[in-house]
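Worksheet: one structure, shown below.
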Amino acid sequence: MAQELICLKDLVMEFGKDRVLDSINLSIEDKKFMTLLGPSGCGKTTTLRIIAGFQNPTSGEVFFDGQKINDVPPYKRQINTVFQNYALFPHLDVYDNIAFGLRISKLPEAEIDKRVGEMLEAVSLKGFENRKVTSLSGGQQQRVAIARALVNRPKVLLLDEPLGALDLRLRKDMQNELKAIQQEVGITFVYVTHDQEEALSMSDTVVVMDGGKIQQIGTPEDIYNEPANAFVADFIGESNILDGIMIDDFRVKFFDREFACVDQGFEKNEPVDVVIRPEDVDIVAPDDGHLCGTVTNVTFKGVHYDTIVDFKGFKWLIQTTDFHREGSVIGIRLNPDDIHVMHKSEYSGMFGDYSSYSEEYDDISVVEDDEENE
Amino acid sequence: MKRKWLTAPYIVWMLLFTIIPLCIVIYFAFTDSITGEFTFSNITGMWDYAPIFLRSIWLSVIATIICLIIGYPVAYTIAQCEPRTQQMLQMLIMLPMCMSFLLRTLAWVALLEDTGIINNLVTALGLTPLPLIRNSGAVILGMVYNYLPYMILPLYTSISKINPRLIEAAEDLGCNKSKVFGKVTLPLSMPGIASGITMVFVPAVSTFYISQKLGSPGTILVGDIIESQFKGAYNPNLGAAMSLILMILIFICIGISNHFTNSDSEEEVMMP
Numbered sequence: 136m137a138q139e140l141i142c143l144k145d146l147v148m149e150f151g152k153d154r155v156l157d158s159i160n161l162s163i164e165d166k167k168f169m170t171l172l173g174p175s176g177c178g179k180t181t182t183l184r185i186i187a188g189f190q191n192p193t194s195g196e197v198f199f200d201g202q203k204i205n206d207v208p209p210y211k212r213q214i215n216t217v218f219q220n221y222a223l224f225p226h227l228d229v230y231d232n233i234a235f236g237l238r239i240s241k242l243p244e245a246e247i248d249k250r251v252g253e254m255l256e257a258v259s260l261k262g263f264e265n266r267k268v269t270s271l272s273g274g275q276q277q278r279v280a281i282a283r284a285l286v287n288r289p290k291v292l293l294l295d296e297p298l299g300a301l302d303l304r305l306r307k308d309m310q311n312e313l314k315a316i317q318q319e320v321g322i323t324f325v326y327v328t329h330d331q332e333e334a335l336s337m338s339d340t341v342v343v344m345d346g347g348k349i350q351q352i353g354t355p356e357d358i359y360n361e362p363a364n365a366f367v368a369d370f371i372g373e374s375n376i377l378d379g380i381m382i383d384d385f386r387v388k389f390f391d392r393e394f395a396c397v398d399q400g401f402e403k404n405e406p407v408d409v410v411i412r413p414e415d416v417d418i419v420a421p422d423d424g425h426l427c428g429t430v431t432n433v434t435f436k437g438v439h440y441d442t443i444v445d446f447k448g449f450k451w452l453i454q455t456t457d458f459h460r461e462g463s464v465i466g467i468r469l470n471p472d473d474i475h476v477m478h479k480s481e482y483s484g485m486f487g488d489y490s491s492y493s494e495e496y497d498d499i500s501v502v503e504d505d506e507e508n509e
Numbered sequence: 017m018k019r020k021w022l023t024a025p026y027i028v029w030m031l032l033f034t035i036i037p038l039c040i041v042i043y044f045a046f047t048d049s050i051t052g053e054f055t056f057s058n059i060t061g062m063w064d065y066a067p068i069f070l071r072s073i074w075l076s077v078i079a080t081i082i083c084l085i086i087g088y089p090v091a092y093t094i095a096q097c098e099p100r101t102q103q104m105l106q107m108l109i110m111l112p113m114c115m116s117f118l119l120r121t122l123a124w125v126a127l128l129e130d131t132g133i134i135n136n137l138v139t140a141l142g143l144t145p146l147p148l149i150r151n152s153g154a155v156i157l158g159m160v161y162n163y164l165p166y167m168i169l170p171l172y173t174s175i176s177k178i179n180p181r182l183i184e185a186a187e188d189l190g191c192n193k194s195k196v197f198g199k200v201t202l203p204l205s206m207p208g209i210a211s212g213i214t215m216v217f218v219p220a221v222s223t224f225y226i227s228q229k230l231g232s233p234g235t236i237l238v239g240d241i242i243e244s245q246f247k248g249a250y251n252p253n254l255g256a257a258m259s260l261i262l263m264i265l266i267f268i269c270i271g272i273s274n275h276f277t278n279s280d281s282e283e284e285v286m287m288p
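In order, the protein sequence lines correspond to chains A and B.
Mapped onto the numbering used here, the consecutive letters of the first sequence carry residue numbers 136 to 509.
Mapped onto the numbering used here, the consecutive letters of the second sequence carry residue numbers 17 to 288.
Dropping the structure here:
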C-alpha cells in the first residue's frame, strides 16, 4: 500500500460571497500521479494553490506527511509548482532560471552546476544554458519550467495546466514525457487539467471536480466505466444518459423495456440515470434489435462514424466503424455490461441528450479559457 | 505603413521647434558673440564654470537618489493595493503636479524663510531661528518636492506590471519576502527605476528657479547661469555653449544610469 502524503480535510474556500471550494476531502498518495480534472471554475486550480501555499483556505486543514501545514509559507514547503504559462523569470537565462531554487538554498556552486546539468539533460535542453527564456518556444519554456521545479528534488510536483498553451502534437509528446519523468524521479505529481483525455492517459488517480465539489475519485478506468453521476459520465468521454427505473438488482427498465445489467444495490423501483457509451452499442438489423431507430445524422470522424439515431424522440450518439446512411432504420442490441446505472443527482437531465448535436461538440473543452480563480 | 503621414504634424513640429533651434544653439555655441566668427573660445571658456556644472550634477544626483529612496516604497505599496485604491493613490501622487511649479516653490520659501512659518514657530518656542533657506539642503528639498511624482509614477507602472505568478514562482522556489524582492521584484522593476531617474535627474540638473528662490549665490546652478547669459549678461553664445555642454553631460549621466539598470527584461514571457 502506498503511503498518504497530502491530506485535505473539509477544505472550504470563499472569495467574498463566492464559494469556490465546498468541503473538499482528498488523500494524495506518495509517488502517485494524481489529476484534478474539471471544467473552468470548478475549483481545481484553487485546490492546487492551497496545496502550494499561495492561498489559505477559508476553513479546513491541509496535512503534509501527517503535519498540518496551513500556516507554513510556500517557501518552506517541500513542494514545487509548474505554473500555467510557466512563469519563468524573464530577467534570467535558462541556466539561472533552473539554478534559482538551488541558489536560494545556498548549495555550493559545483553541486548546483552538476544538478542543473543533469536536469538540462533530462529535459533535453543541453546547449540552451545561456539562452534567454523569452527566445524559447512554448515547448522549450515548458521544459525549463519543469526542470526549474524538479531540480530542487521536491516531494511533490504541482502542475497547473502545464500543457494548455502547447499545440496538439507537442501536447501528446509532452504527456508521454511527463509520465516518464514522474516514473523516473518517483515523486508525487498533482496535475490540474480540463482535458479529460490527458487525465485518463497520464494518471494513477483522477479526481473529477465541478462546482467546487469532488464528483468522483478513481482510476481512469473506474471513472470512465463507472461514472458516479451524469456530470462525470458526460465530462469524461461521450455518453447517452437516459431516465430509467431500477426494477431490481441486475434489472433496469428504460424505453418501456427491461434490460439485464450488472449493477446492484439500488432500491426497488428507484428512478436512476442510465449511461450507455456510444462505442458500446451493437448495431443489428431492425428486427433483431432491442430497440429500433432512425439515423438522423452521420459524421465521419476518421476512425469511426458519429451516428445520431432517433429512438422515439430521444437522440443517441452511436460510434460505429460501419456506415449507416441518413434516414436508414437500424436496430441496436445492448449487452448487460454495456449498461451502467447511476443514482439520480443534481446533474440528472442536464446531459446526455444528443438532440442538439453539433459536429463541434468535442472542441468545446479545448476552447476553454485559462482558469483564474480571483 | 500607409499611415505614416499621420505623424507628419509631429515631424514638422519637431523640425521647427527642436531640430532647427538645436542647430541654432550649436551655431551660437561655436561663434563669437561680437564678431560672429567661428571659435572654440565659448567651449574652452567653460572651464571657469566647471564647479557650477559639478554642483548642479551633484545636487541633482542627491535629489534623484532621495526621490528613489522615498519613491520606491511608495510605488511598491501602491502596486500591492486593490485596483480602486491604486487609482485613488495615483491621483494623490499627481495632485501636487496640478499646482503651479512656481507657486509650489514659493510656498516652500514662505515655510523656510528666516521669518517664515517654521522659524516663527521656533522662535515662539524660545529657540534660535534655524538656517533653513539659502543653502544646498533647501535646493535639494525643492528638487525632491517638485520632482518626486515623476519618480513614483514610472516606478509604480513597472512594479504593477510584474506578473504576480513570478512572485509566487519565487516563493515556491524557496524565497522569503525579502529574497523575492531582491531576486525578482527589484530586477524586474529596473526599467521603471531607469526612467524614474531620467525623469527626475534631467529637469533637476537644468532647473534654475528652485536655486534662485531656495538657494544662495553659493548654490547657483547651471540653469541660473544660462538664464543670466540671455537675460543679464547678453552673451547668448556662451549660454548656447553651456546648454550644449549640459545636454552632453545629461546624455552621459543617463547613459551611466541605463548601464546600471539595464536588465533588458520584458514583463512577460512570450507565448509561442
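Think of the CB as a built atom: it goes at the ideal place given N, C-alpha and C, for glycine as much as any other residue.
- Residue contact check for ALA363/A against chain B: no CB pair falls below 9 Å.
- Per DSSP, reduced to three states, the secondary structure at PHE69/B is helical.
- DSSP places TRP451/A in the uninterrupted beta strand (DSSP E) bounded by 449-455.
- One finds ALA222 in chain A with Cβ atoms closer than 8 Å to the Cβ of ASN179/B, taken in chain order.
- Note on the segment 160-213 of chain A: whole alpha helix (DSSP H) runs with a minimum of 4 residues are 179-187, in chain order.
- In the three-state scheme derived from DSSP, where H, G and I count as helix and E and B as strand, ALA315/A is classed as helix.
- By the rule that beta-carbons nearer than 9 Å mark a contact, ILE239/A touches chain B.
- Excluding its 5 nearest sequence neighbours in each direction, ARG120/B has C-beta neighbours in its own chain below 8 Å: PRO112, TYR161 and ASN162, listed in chain order.
- In this structure, LEU285/A lies near ALA257/A, with their beta-carbon atoms less than 9 Å apart.
- Taking all protein chains in view, the Cβ of ASN220/A is crowded by 16 or more other Cβ atoms within 10 Å, so the residue is classified as buried.
- ASP48/B is the residue among SER72/B, ASN151/B and ASP48/B whose C-alpha sits nearest the C-alpha of TYR250/B.
- Interface with chain B (9 Å Cβ-Cβ cutoff): ARG283/A is included.
- For LEU223/A, no alpha helix (DSSP H) run applies, since DSSP gives it neither H nor E.
- Per DSSP, the unbroken beta strand (DSSP E) holding GLU393/A starts and ends at 392-395.
- When DSSP states are grouped into helix, strand and coil, LYS152/A belongs to the coil group.
- For SER158/A and VAL367/A, the gap between their C-alpha atoms comes out near 19 Å.
- When the beta-carbon positions are compared, PHE199/A and ARG212/A come within less than 9 Å of each other.
- Annotation for VAL229/A: the continuous alpha helix (DSSP H) segment containing it runs 229-239.
- Contact annotation: ILE418/A and HIS459/A have beta-carbon atoms nearer than 9 Å.
- Residues of chain B whose Cβ lies closer than 7 Å to the Cβ of TYR210/A are, in chain order, GLU187, GLY190, CYS191 and ASN192.
- Per DSSP, reduced to three states, the secondary structure at TYR163/B is helical.
- When the Cα atoms are used, LEU122/B and PHE33/B turn out to be separated by approximately 30 Å.
- Around the beta carbon of TRP124/B, 16 or more other beta carbons sit within 10 angstroms, so the residue counts as buried.
- Against PHE199/A, chain B offers no close residue; the least beta-carbon distance is about 15 Å (beta-carbon pairs closer than 9 Å).
- With a threshold of 16 other beta carbon atoms within 10 Å, HIS275/B falls short and is exposed.
- At a cut-off of 9 Å, the C-beta of LYS199/B has a neighbouring C-beta in chain A.
- Against chain B, the beta carbon of ASN287/A has neighbours under 8 Å at LEU189 and GLY190, listed in chain order.
- In chain order, ALA45, ASN58 and ILE59 place their CB closer than 6 Å to the CB of ALA257/B, counting only its own chain and leaving out the 5 sequence neighbours on each side.
- Judged by DSSP secondary structure, GLY428/A falls within the beta strand (DSSP E) whose first and last residues are 426-435.
- For the set GLU333/A, GLY353/A and PHE370/A, the Cα lying nearest the Cα of MET309/A is the one of GLU333/A.
- Annotation: ALA420/A has no Cβ neighbours in chain B at a cutoff of 8 Å; minimum Cβ distance is about 52 Å.
- C-alpha of GLY132/B to C-alpha of SER227/B: approximately 18 Å in a straight line.
- Going by C-alpha positions, ARG278/A is about 13 Å away from ALA300/A.
- Apart from sequence neighbours up to five positions away, the residues of its chain that approach PHE54/B with a beta-carbon distance below 7 Å are PHE46 and THR47, ordered along the chain.
- Against chain A, the CB of PRO203/B has a partner CB under 9 Å away; the residue lies at that interface.
- Scanning LYS388/A, GLY273/A and ALA282/A for the CA closest to the CA of ARG306/A turns up GLY273/A.
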